[in-house]
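I have placed the structure first, in the form of structure tokens, so that the comments after it can refer back to it.
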Amino acid sequence: MICGKVRKRLSLFLDGRLGEKERRKIKAHLVSCSRCAQEEEALSRTWEMLKEGKEIEVSPNFKAQFWERVTREKSKVGSEKRVSVFFPRLWRWSPALVIMTILLLGVGMYFKVLPGRRVSEEEMQIAGRLGLLEDLGVIQNLDWLDDFETIKQR
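Be aware that the sequence shown starts at 3, since it is given in this note's numbering, and climbs by one per residue.
Put into structure tokens, the structure is as follows:
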């Protein structure tokens, strides 16, 4: 088995909540892998320490005191106001400002990235003839090359 899978299943293994086939696989892995065996031992010791711990006794009115304190803390939080030193009312508008900023950036990027005009038919024809431009030097010296061919044939 893979160590990661074994470590994820160790708690179930120690609790006896795995099938026999999987228990055998994990036992075999623990015999062959010292790191996983150490992990199993540490987890086992932790469970033993938790079993030895004694239960904490709470006062009879603990629940009432707890909820009373929660209510007090809630009222404190509700009464506190967020005050900005520089822009006291800006915090109220901050979500709207963030949305507006994002929209403006989006519109700006839309017009910046997309071309501002369409390509005309004439420009498309010119672009199609760019291959001829690459051969312009040969075309301009065509007469000279014909003369060269004539000389070469003699």
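Every residue, glycine too, gets a C-beta built ideally from N, C-alpha and C.
In angstroms, rounded to a whole number, what distance separates the CA positions of residue i and residue j?
i    : j    : result
K78  : F68  : 16 Å
Q142 : V115 : 40 Å
R196 : D17  : One cannot answer for residue 196 here, as it falls past the ends of the chain, which runs 3 to 156.
A129 : G110 : 29 Å
N63  : R74  : 17 Å
E54  : Q40  : 21 Å
R37  : A44  : 11 Å
A30  : K23  : 11 Å
M126 : D137 : 19 Å
K76  : K65  : 17 Å
F113 : K7   : 52 Å
L105 : M3   : 52 Å
G133 : G108 : 38 Å
For residue i, which residues in the same chain have their Cβ closer than 8 Å to its Cβ, ignoring the five residues on either side in sequence?
i   : result
L20 : R11, L14 and I28
What does the Cβ neighbour count give for residue i, buried or exposed, with the cut at 16 atoms within 10 Å?
i   : result
E42 : buried
V60 : exposed
Could you tell me which of the options sits nearest to residue i, measuring between CA atoms?
i  : options           : result
E5 : T73, S34 and I104 : Per the sequence shown, residue 5 should be read as Cys rather than Glu. When only C-alpha atoms are compared, the closest one is S34.
R9 : E75, G55 and L32  : L32
Go through its chain and collect everything with a Cβ distance to residue i's Cβ below 7 Å, but skip five positions before and after it.
i   : result
W49 : L16
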